[in-house]
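Just below is one structure, and these are the notes that go with it.
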Amino acid sequence: MADAITFYTNPMSRGRIVRWMLEEVGQPYETVVLDYASGMKSPEYLAINPMGKVPAIRHGMTVVTEGAAICAYLADAFPDAGLAPPHGSAGRGPYYRWMFFAAGPVESAVTGKALGLLAPEDKKQMAGYGSFEETMAALEQAVADTSYICGDRFTAADVYVGSQISWGTMFGIIDKNPAFDAYLERLLERPAAKRAREIDDALAAQRQQDA
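Residue numbering for the sequence shown follows this note's numbering, starting at 281 and increasing by one per position.
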(Lines of atoms letter the chains of each structure in order from A and count residues from 1; the text may use other names and numbers.)
(Lines give C-alpha, C1' and ligand atoms only; values in the text may rest on other atoms or scores of the structure.)
Protein backbone atom coordinates (compact mmCIF):
# COMPACT_ATOMS: atom_id res chain seq x y z
CA MET A 1 0.00 0.00 0.00
CA ALA A 2 1.40 3.40 -1.00
CA ASP A 3 2.10 5.95 1.71
CA ALA A 4 -0.73 8.45 2.13
CA ILE A 5 -0.25 12.09 1.15
CA THR A 6 -1.67 14.83 3.37
CA PHE A 7 -1.67 18.33 1.93
CA TYR A 8 -1.86 21.35 4.26
CA THR A 9 -2.99 24.51 2.53
CA ASN A 10 -5.22 27.53 2.25
CA PRO A 11 -6.89 28.32 -1.10
CA MET A 12 -5.60 31.90 -0.95
CA SER A 13 -1.94 31.04 -0.56
CA ARG A 14 1.09 29.57 -2.30
CA GLY A 15 -0.58 26.26 -1.57
CA ARG A 16 -2.20 26.67 -4.99
CA ILE A 17 1.18 25.84 -6.53
CA VAL A 18 1.34 22.53 -4.70
CA ARG A 19 -2.29 21.76 -5.50
CA TRP A 20 -1.41 22.02 -9.18
CA MET A 21 1.62 19.79 -8.67
CA LEU A 22 -0.45 17.18 -6.84
CA GLU A 23 -2.97 17.15 -9.66
CA GLU A 24 -0.15 16.64 -12.16
CA VAL A 25 1.20 13.75 -10.08
CA GLY A 26 -2.22 12.09 -10.12
CA GLN A 27 -1.96 10.31 -6.77
CA PRO A 28 -4.75 10.46 -4.18
CA TYR A 29 -4.23 12.95 -1.37
CA GLU A 30 -6.09 14.36 1.62
CA THR A 31 -6.46 18.13 1.92
CA VAL A 32 -6.32 19.90 5.27
CA VAL A 33 -7.38 23.54 4.91
CA LEU A 34 -5.96 25.84 7.57
CA ASP A 35 -6.91 29.43 8.36
CA TYR A 36 -4.30 32.09 8.95
CA ALA A 37 -5.56 33.24 12.33
CA SER A 38 -5.44 29.99 14.25
CA GLY A 39 -5.01 26.84 12.18
CA MET A 40 -1.52 27.61 10.92
CA LYS A 41 -0.41 28.67 14.40
CA SER A 42 -1.85 25.70 16.28
CA PRO A 43 0.60 23.48 18.18
CA GLU A 44 -0.37 20.56 15.94
CA TYR A 45 0.55 22.40 12.76
CA LEU A 46 3.64 24.10 14.21
CA ALA A 47 4.96 20.59 14.84
CA ILE A 48 4.75 20.09 11.07
CA ASN A 49 6.02 23.51 10.02
CA PRO A 50 7.51 25.68 12.79
CA MET A 51 7.12 28.69 10.48
CA GLY A 52 3.35 28.34 10.77
CA LYS A 53 2.92 28.71 7.02
CA VAL A 54 1.46 26.70 4.17
CA PRO A 55 1.93 24.76 1.98
CA ALA A 56 3.26 21.58 3.51
CA ILE A 57 2.82 17.91 2.78
CA ARG A 58 3.21 14.75 4.78
CA HIS A 59 4.00 11.68 2.69
CA GLY A 60 4.08 8.69 4.97
CA MET A 61 6.57 9.76 7.64
CA THR A 62 8.20 12.45 5.49
CA VAL A 63 7.27 16.13 5.93
CA VAL A 64 8.20 18.65 3.24
CA THR A 65 7.59 22.41 3.35
CA GLU A 66 8.34 25.20 0.83
CA GLY A 67 6.63 25.14 -2.55
CA ALA A 68 9.67 24.47 -4.74
CA ALA A 69 10.94 21.73 -2.41
CA ILE A 70 7.52 20.06 -2.44
CA CYS A 71 7.35 20.16 -6.23
CA ALA A 72 10.84 18.67 -6.54
CA TYR A 73 10.08 16.03 -3.90
CA LEU A 74 6.84 14.90 -5.49
CA ALA A 75 8.42 14.67 -8.94
CA ASP A 76 11.06 12.29 -7.56
CA ALA A 77 8.67 10.39 -5.30
CA PHE A 78 6.40 9.56 -8.24
CA PRO A 79 8.68 9.14 -11.27
CA ASP A 80 5.97 7.47 -13.34
CA ALA A 81 4.33 10.90 -13.69
CA GLY A 82 7.32 12.01 -15.76
CA LEU A 83 7.65 15.40 -14.08
CA ALA A 84 11.44 15.47 -13.71
CA PRO A 85 14.31 14.65 -16.05
CA PRO A 86 16.03 11.39 -15.08
CA HIS A 87 18.84 11.60 -12.53
CA GLY A 88 22.16 11.95 -14.29
CA SER A 89 20.59 13.23 -17.51
CA ALA A 90 21.57 16.48 -19.21
CA GLY A 91 18.12 17.87 -18.48
CA ARG A 92 18.60 17.68 -14.73
CA GLY A 93 20.80 20.79 -14.65
CA PRO A 94 18.32 23.20 -16.27
CA TYR A 95 15.55 21.62 -14.21
CA TYR A 96 17.26 22.47 -10.91
CA ARG A 97 18.55 25.77 -12.23
CA TRP A 98 15.19 27.27 -13.14
CA MET A 99 13.21 25.70 -10.31
CA PHE A 100 15.45 27.35 -7.76
CA PHE A 101 15.98 30.53 -9.74
CA ALA A 102 12.23 31.00 -9.39
CA ALA A 103 12.30 30.06 -5.70
CA GLY A 104 15.23 32.38 -4.97
CA PRO A 105 15.84 35.46 -7.14
CA VAL A 106 12.36 35.64 -8.69
CA GLU A 107 10.49 35.20 -5.42
CA SER A 108 12.75 37.70 -3.64
CA ALA A 109 12.58 40.28 -6.42
CA VAL A 110 8.80 40.05 -6.81
CA THR A 111 8.23 40.25 -3.05
CA GLY A 112 10.65 43.14 -2.77
CA LYS A 113 8.90 45.07 -5.51
CA ALA A 114 5.46 44.42 -4.02
CA LEU A 115 6.61 45.73 -0.63
CA GLY A 116 8.74 48.59 -1.94
CA LEU A 117 11.85 46.96 -0.50
CA LEU A 118 14.06 46.37 -3.52
CA ALA A 119 17.78 46.86 -3.07
CA PRO A 120 18.97 50.31 -4.17
CA GLU A 121 21.19 50.46 -7.24
CA ASP A 122 24.38 50.96 -5.23
CA LYS A 123 23.66 47.89 -3.10
CA LYS A 124 22.19 45.50 -5.68
CA GLN A 125 25.30 43.32 -5.66
CA MET A 126 24.39 42.31 -2.11
CA ALA A 127 21.00 40.98 -3.23
CA GLY A 128 20.75 37.50 -4.71
CA TYR A 129 18.49 38.82 -7.45
CA GLY A 130 20.71 41.76 -8.39
CA SER A 131 17.96 44.01 -9.67
CA PHE A 132 14.32 43.38 -10.46
CA GLU A 133 14.90 44.26 -14.12
CA GLU A 134 17.82 41.84 -14.48
CA THR A 135 15.85 39.04 -12.89
CA MET A 136 12.85 39.57 -15.15
CA ALA A 137 15.07 39.78 -18.24
CA ALA A 138 16.68 36.44 -17.37
CA LEU A 139 13.27 34.87 -16.77
CA GLU A 140 11.87 36.21 -20.03
CA GLN A 141 14.85 34.88 -21.96
CA ALA A 142 14.42 31.47 -20.33
CA VAL A 143 10.88 31.02 -21.66
CA ALA A 144 11.05 33.03 -24.89
CA ASP A 145 12.26 30.44 -27.39
CA THR A 146 11.24 27.13 -25.85
CA SER A 147 7.99 25.32 -25.17
CA TYR A 148 8.83 24.72 -21.50
CA ILE A 149 11.47 25.92 -19.08
CA CYS A 150 13.61 22.81 -19.69
CA GLY A 151 12.97 22.50 -23.41
CA ASP A 152 10.21 20.54 -25.10
CA ARG A 153 9.13 18.61 -22.00
CA PHE A 154 6.83 19.83 -19.23
CA THR A 155 8.29 19.30 -15.75
CA ALA A 156 7.68 20.23 -12.13
CA ALA A 157 9.89 23.26 -12.76
CA ASP A 158 7.18 24.61 -15.05
CA VAL A 159 4.63 24.27 -12.24
CA TYR A 160 6.76 26.46 -10.00
CA VAL A 161 8.11 28.91 -12.58
CA GLY A 162 4.71 29.23 -14.25
CA SER A 163 3.01 29.88 -10.92
CA GLN A 164 5.45 32.68 -10.10
CA ILE A 165 4.88 34.35 -13.47
CA SER A 166 1.11 33.85 -13.29
CA TRP A 167 0.79 35.39 -9.83
CA GLY A 168 3.20 38.21 -10.61
CA THR A 169 1.43 39.25 -13.80
CA MET A 170 -2.02 38.83 -12.24
CA PHE A 171 -1.20 41.37 -9.54
CA GLY A 172 0.71 43.69 -11.87
CA ILE A 173 4.08 43.15 -10.20
CA ILE A 174 5.54 41.43 -13.28
CA ASP A 175 4.85 43.17 -16.56
CA LYS A 176 3.13 41.06 -19.17
CA ASN A 177 4.96 40.44 -22.43
CA PRO A 178 4.53 38.08 -25.41
CA ALA A 179 7.00 35.51 -24.04
CA PHE A 180 5.28 35.26 -20.66
CA ASP A 181 1.81 35.27 -22.23
CA ALA A 182 2.63 32.41 -24.63
CA TYR A 183 4.31 30.38 -21.89
CA LEU A 184 1.38 30.78 -19.49
CA GLU A 185 -1.13 29.92 -22.20
CA ARG A 186 0.58 26.55 -22.69
CA LEU A 187 0.73 25.84 -18.97
CA LEU A 188 -2.63 27.02 -17.72
CA GLU A 189 -4.56 25.01 -20.29
CA ARG A 190 -3.22 21.76 -18.89
CA PRO A 191 -6.03 19.60 -17.43
CA ALA A 192 -4.27 19.35 -14.06
CA ALA A 193 -3.85 23.13 -13.86
CA LYS A 194 -7.55 23.61 -14.61
CA ARG A 195 -8.59 21.03 -12.00
CA ALA A 196 -6.38 22.65 -9.38
CA ARG A 197 -7.84 26.11 -10.03
CA GLU A 198 -11.39 24.79 -9.88
CA ILE A 199 -10.77 23.03 -6.56
CA ASP A 200 -9.12 26.02 -4.90
CA ASP A 201 -11.54 28.56 -6.35
CA ALA A 202 -14.43 26.52 -4.96
CA LEU A 203 -12.74 26.27 -1.55
CA ALA A 204 -12.08 30.02 -1.49
CA ALA A 205 -15.68 30.81 -2.42
CA GLN A 206 -17.00 28.47 0.27
CA ARG A 207 -14.78 29.98 2.95
CA GLN A 208 -15.87 33.48 1.96
CA GLN A 209 -19.50 32.42 2.17
CA ASP A 210 -18.94 30.87 5.60
CA ALA A 211 -17.12 33.94 6.94
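Cβ atoms here follow ideal geometry from the backbone N, Cα and C, with glycine treated the same way. Source: prediction; values computed, not measured.
Under the three-pair Cβ rule at 8 Å, the stretch 316–326 does not count as touching the stretch 361–377. T311 and N457 have their C-alpha atoms roughly 35 Å apart. By a beta-carbon distance limit of 8 Å, L354 does not contact A407. Their separation comes to about 30 Å. If only complete runs of 3 or more residues are kept, the stretch 334–397 shows the beta strand (DSSP E) at 336–339 and 342–345, in order along the chain. Straight through space, the alpha carbons of F434 and S443 are spaced by roughly 14 Å. Taking 8 Å as the cut-off, the Cβ atoms of H339 and A357 count as close. Nearest C-alpha to E469 among Q488, S446, G431 and Q489: S446. Counted as a single uninterrupted DSSP element, the beta strand (DSSP E) harbouring I285 occupies residues I285 to T289. Taking all protein chains shown into account, A482 has fewer than 16 neighbouring C-beta atoms within 10 Å of its C-beta and is therefore exposed. Counting the other Cβ atoms within 10 Å of the Cβ of F381 gives 16 or more, which makes it buried.
T449 carries a helical assignment under DSSP once its states are collapsed to helix, strand and coil. With three or more CB-CB distances shorter than 8 Å, the stretch 328–337 counts as touching the stretch 285–305. About 4 Å separates the CB atoms of Y409 and A389; that is less than 8 Å, so the two are in contact. Inclusion of V313 and T289 in the CB contact set at 8 Å is warranted, their separation being smaller than that value. In chain order, A407 place their CB closer than 6 Å to the CB of A399, counting only its own chain and leaving out the 5 sequence neighbours on each side. Going by DSSP, E469 is part of no beta strand (DSSP E) at all; its letter is neither H nor E.
Straight-line measurement puts the Cα of S411 at about 19 Å from the Cα of F460. Contiguous alpha helix (DSSP H) elements confined to the stretch 401–450 occur at 412–424 and 436–450, taking only those with 4 or more residues.
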